[in-house]
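Residue numbers (our numbering): 1 to 445.
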């Protein structure tokens with residue numbers, strides 16, 4: 001990987017600045033006094049917040065967006081090689097870096113605590129951040145979601161809603177490590193948390209073994225005086241254990257306090273965060289206390305409001321079978337006597353097609369399932385898979401399930417059918433949260 005002294009950058013431009021990861025580095029450079037600009041295809045909560053902080057945001061990609069005197073261009077990994085801004089930056093011989101490359105440069109200068117896993121890493125990262133901040137470890141934090149106003153409360157304005165970055169002054173960097181396209185291989189972890197390993201991102205990885213090999217390669221970078229924090233009883237993690245020479249902390253044995261977030265998956269996330277905190281030297285009582293009022297980051301079992309018909313609206317980012325099953329199990333635990341309406345937007349044609357059989361069985365804790373069209377994201381349409389096909393498979397398991405052509409139809413259906421005491425749970429990694437927000441915008445009391 002190319003090296004550049006980040007401290008010498010005075011003006012940086014970010015392509016895809018609305019992305020969770022890219023925007024975090026933009027915030028970091030802004031905090032360091034650098035001039036920051038950026039572009040994205042559309043405005044969002046993230047771009048709006050950055051704009052309020054003084055970042056010049058351009059909507060749409062154009063060569064003229066690259067400012068004069070630009071020292072570095074940092075871009076999302078999803079960027080096409082012919083993007084006009086990337087082409088212009090290279091024409092001017094401006095140093096260009098993908099998000100993961102830039103994160104790797106930051107990691108080289110810090111005591112890096114990387115939180116990885118095919119699910120649970122965002123919540124675990126946020127939990128660990130809160131523990132370390134409450135313990136006055138003052139970490140820098142990059143998390144793959146947006147922090148809520150009170151998580152952690154000691155941060156004040158720095159952690160207001162819309163922020164995915166905390167600018168600490170100590171040596172510690174707590175970072176969510178993304179396994180997609182092996183992006184996390186740029187990191188240099190002193191402590192590595194592996195929450196779990198399951199099949200995912202099969203548009204890139206061949207199979208589970210390929211994913212395990214990617215995690216093993218990352219784990220092999222932990223120095224002998226570092227730590228691997230993981231669940232040793234998880235058979236999918238066993239191959240990783242053989243690659244490390246450092247101390248292994250088995251977090252499955254750690255007791256957790258009573259949490260506000262429901263579900264076994266969140267209790268396991270808390271165990272992982274407590275294990276990492278122990279490796280840093282945080283006293284267990286202080287770490288446990290920090291988790292007692294943790295409410296979770298944006299789009300993780302997030303309460304949105306109550307409609308005028310008395311239906312509760314929650315939202316979650318879950319998008320693979322294990323996550324969907326876990327969040328609905330948590331919802332059933334939290335609301336044992338209520339009717340749960342799962343409003344699911346499948347994410348990616350390839351993922352929906354590959355996991356069709358699993359998805360069809362993952363809604364056992366929902367009383368009703370409402371399906372939105374598949375969110376394509378980076379993929380081209382695939383006529384061999386659709387939400388209608390998923391609907392038919394779910395119905396074979398005895399579930400009441402409906403599929404709709406657009407959000408407007410879903411909103412109309414919910415206005416007519418979601419009654420007092422129901423829990424409407426929007427689920428998916430796309431923009432399905434907009435359904436709940438639209439219901440509340442027009443009908444909230």
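Built from N, CA and C at the ideal position, the CB exists for glycine as well.
All values derive from a computational prediction rather than experimental measurement.
- By the neighbour-count definition (other C-beta atoms within 10 Å, threshold 16), residue 41 is an exposed residue.
- Assigned with DSSP and collapsed to three states, residue 53 falls in coil, not helix or strand.
- Nearest to residue 426 by C-alpha distance, out of 313, 412 and 38, is 313.
- Under DSSP, residue 229 forms a beta bridge with 193 and 249.
- The criterion of a C-beta distance shorter than 8 Å is satisfied by residue 166 and residue 141.
- Taking residue 317 as reference, the option from 301, 311, 385 and 67 with the minimal CA-CA separation is 301.
- In the same chain as residue 428, and ignoring 5 residues on each side of it, the C-beta atoms closer than 8 Å to its own belong to 317, 318, 319, 344, 345, 346, 347, 372 and 375, in chain order.
- Counting every other CB atom within 10 Å of its CB across the protein chains shown gives residue 172 a total of 16 or more, marking it as buried.
- DSSP places residue 35 in the strand class (E or B) of the three-state scheme.
- One thing to note: residue 260 has its Cβ no nearer than 8 Å to the Cβ of residue 176.
- Closest in C-alpha terms to residue 225, from the list 248, 67 and 294, comes 248.
- Looking only at 238, 243 and 32, the smallest Cα-Cα distance to residue 221 is reached by 243.
- Here residue 230 has 194 and 237 as same chain residues with Cβ atoms under 6 Å from its own Cβ, once five neighbours each way along the sequence are excluded.
- Residue pairing of residue 97 in beta bridges, as defined by DSSP: 74.
- The beta carbon of residue 124 lies closer than 7 Å to those of 115, 193, 195, 269, 272 and 273 in the same chain, with the five residues before and after it left out.
- A Cβ-Cβ separation of about 13 Å leaves residue 315 out of contact with residue 323 under the 8 Å criterion.
- Residue pairing for residue 176: DSSP places it in a beta bridge opposite 115.
- Secondary structure remark: continuous alpha helix (DSSP H) runs of at least 4 residues inside the region 308–369, in chain order: 321–334, 349–354 and 356–359.
- Distance from the CA atom of residue 33 to the CA atom of residue 109, rounded to whole angstroms, is 18 Å.
- Fully enclosed beta strand (DSSP E) runs of no fewer than 3 residues occupy 400–403 and 423–427 of the region 377–431, in order along the chain.
- Each residue's CA atom was taken as its position, placing residue 96 and residue 284 some 43 Å apart.
- Contact annotation: the region 325–337 does not touch the region 406–415, with fewer than three C-beta pairs closer than 8 Å.
- C-alpha of residue 105 to C-alpha of residue 292: approximately 34 Å in a straight line.
- Put simply, the region 11–29 touches the region 74–87. At least three CB pairs are less than 8 Å apart.
- Going by beta carbons, residue 276 and residue 128 fall inside the 8 Å limit.
- DSSP places residue 438 within a helical segment (H, G or I) once states are collapsed to three.
- Secondary structure note for residue 277: its alpha helix (DSSP H) is the uninterrupted segment 264–280.
- Between the alpha carbons of residue 26 and residue 208 lies a gap of roughly 34 Å.
- Across the structure, residue 31 and residue 228 are spaced so that their CA atoms are roughly 31 Å apart.
- DSSP, reduced to helix, strand and coil, places residue 143 within a strand of the structure shown.
- Shortest Cα-Cα distance from residue 145 to any of 262, 18 and 181 involves 18.
- Residue 199 is classed as buried because its beta carbon has at least 16 other beta carbons within 10 Å across all chains shown.
- When secondary structure is reduced to three states using DSSP, residue 201 falls in the coil class, being assigned neither helix nor strand.
- Within the model, the alpha-carbon separation for residue 56 versus residue 39 is close to 8 Å.
- Take the alpha-carbon of residue 366 and the one of residue 174: they are about 35 Å apart.
- Assignment of residue 58 by DSSP, reduced to helix, strand and coil, places it in the strand class.
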